[in-house]
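What follows is a single structure, written as structure tokens, with notes after it.
Numbering (this note's numbering), first residue to last: 26 to 291.
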């Protein structure tokens, strides 16, 4: 299982920018899935709308509700962000938020499918942009299926105040659905209070801080040349290390009961 989900409390703290920066900087084979019920922005922004015809999760949802063809249609709805290598693929989000009604009943179906992608040939991890939690029809099943959930927040008091309530809501939901502990982490964006202070205040580990880098954020939002040496891209690349460590610990925890049940050799 290797679903890595990003979600925010309110406003626009940079969930999509953070997800795209990680997708372009990491060495993992990834599918970036825009699962924000409020709509996706990478297709129109970073890619400049340079695709013929509709593409993405909305088209998948319509096809699945009509024909149950998710498995056969999935790969045709992806966009290669690093063509022709097919190592960084994008599942574009909704073009019109009004389409969210067709996607909401399928969040569990998508979560199950994403969960199986790392067992394919080749295997892919899935980096999911879940947008804001407090919207109609949030992708709770995707968050519950994730190996790592990154709660993205700015490090100032107004944003942290809203983030506190979201931490409580996620932890309550995860406990109710028996999500393994240690799944949720904070990802800070920009300047502000220190990591240790925020971690103590919200009682949640901070995995990293992405720096304020408006030039790179503008490229990721509106298109252009992404430069690996820029502060945001360097920090996003460095984030792959603690994410990988969390994934390995998660796999080890899931495997432990099986190992305990193995009989001793005679």
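Built from N, CA and C at the ideal position, the CB exists for glycine as well.
Since the model is a prediction, treat every value here as computed from it, not as a measurement.
Of all the options 49, 118, 235 and 79, which has the alpha carbon lying nearest to the alpha carbon of residue 65? Locating residue 65 in the chain shown gives position 40, where the first residue counts as 1. If we check each option's Cα against that of residue 65, 118 comes out closest.
Can you grab the Cα-Cα spacing for the pair residue 40 / residue 177, in whole Å? Numbered from its first residue, the chain shown carries residue 40 at position 15. Numbered from its first residue, the chain shown carries residue 177 at position 152. Their backbone Cα atoms lie some 6 Å apart in a straight line.
With H, G and I counted as helix, E and B as strand and the rest as coil, what does DSSP make of residue 148? Numbered from 1 along the chain shown, position 123 holds the residue referred to as residue 148. Residue 148: coil per DSSP, three-state reduction.
Helix, strand or coil for residue 179, going by three-state DSSP, please let me know. Against the chain shown, residue 179 aligns to sequence position 154. Strand, per DSSP.
Contiguous beta strand (DSSP E) assignments of at least 3 residues, all confined to the segment 96-167: 113-116 and 150-157
Can you list, in chain order, the residues of its chain with a C-beta nearer than 7 Å to that of residue 92? Leave out the 5 residues immediately preceding and following it. Counted from its first residue, the chain shown places residue 92 at position 67. Around residue 92: no qualifying Cβ.
Beta-carbon proximity list for residue 147, same chain, < 8 Å, skipping 5 on both sides: For the purposes of this step, residue 147 is identified with residue 122 of the chain shown, where counting begins at 1. For residue 147, where only same-chain residues beyond five positions count, the Cβ hits under 8 Å are 54.
Between the Cα of residue 248 and the Cα atoms of 62, 67, 32 and 51, which residue gives the shortest distance? In the chain shown, residue 248 corresponds to position 223, counting from 1. Checked all of 62, 67, 32 and 51; the closest Cα to residue 248 is 67.
Cα-Cα separation, residue 69 to residue 245: Stepping through the chain shown from its first residue, residue 69 is reached at position 44. Stepping through the chain shown from its first residue, residue 245 is reached at position 220. C-alpha separation (whole angstroms): 11 Å.
Three-state secondary structure (DSSP) at residue 27? As a working mapping, residue 27 is identified with position 2 in the chain shown. It is coil, neither helix nor strand.
Strand pairing of residue 186, partner residues [DSSP]: Residue mapping note: residue 186 aligns to position 161 of the chain shown, counting from 1. Beta-bridge pairing links residue 186 to no other residue.
Excluding five sequence neighbours on each side, which residues of the same chain lie with their C-beta closer than 7 Å to the C-beta of residue 85? As a position in the chain shown, residue 85 is number 60, starting the count at 1. Counting only Cβ-Cβ distances below 7 Å, and skipping sequence neighbours, we find 95, 98, 99 and 102.
Identify which residue in 274, 123, 172 and 255 has its Cα closest to the Cα of residue 63. By 1-based counting over the chain shown, the position of residue 63 is 38. Nearest C-alpha to residue 63: 123.
Taking the alpha-carbon positions, what's the residue 149 to residue 138 distance? Numbered from its first residue, the chain shown carries residue 149 at position 124. Numbered from its first residue, the chain shown carries residue 138 at position 113. Rounded to the nearest angstrom, the two C-alpha atoms are 11 Å apart.
Quick check on the DSSP output: what are the complete beta strand (DSSP E) runs of length 3 or more inside the segment 45-98, in order along the chain? If only complete runs of 3 or more residues are kept, the segment 45-98 shows the beta strand (DSSP E) at 55-59, in order along the chain.
With a threshold of 6 Å on Cβ separation, who are the neighbours of residue 162 within its own chain once the five nearest residues in sequence on each side are excluded? Residue 162 sits at position 137 when you count from the first residue of the chain shown. Excluding positions up to five away in sequence, the list reads 62, 125 and 129.
Using the rule of at least 16 other Cβ atoms within 10 Å of the residue's Cβ for burial, across every protein chain shown, is residue 221 buried or exposed? Translated into the one-based positions of the chain shown, residue 221 becomes position 196. Result: exposed.
What would DSSP say about residue 200, mapped onto helix, strand or coil? The residue given as residue 200 occupies position 175 in the chain shown. Residue 200 falls in the helix class under three-state DSSP.
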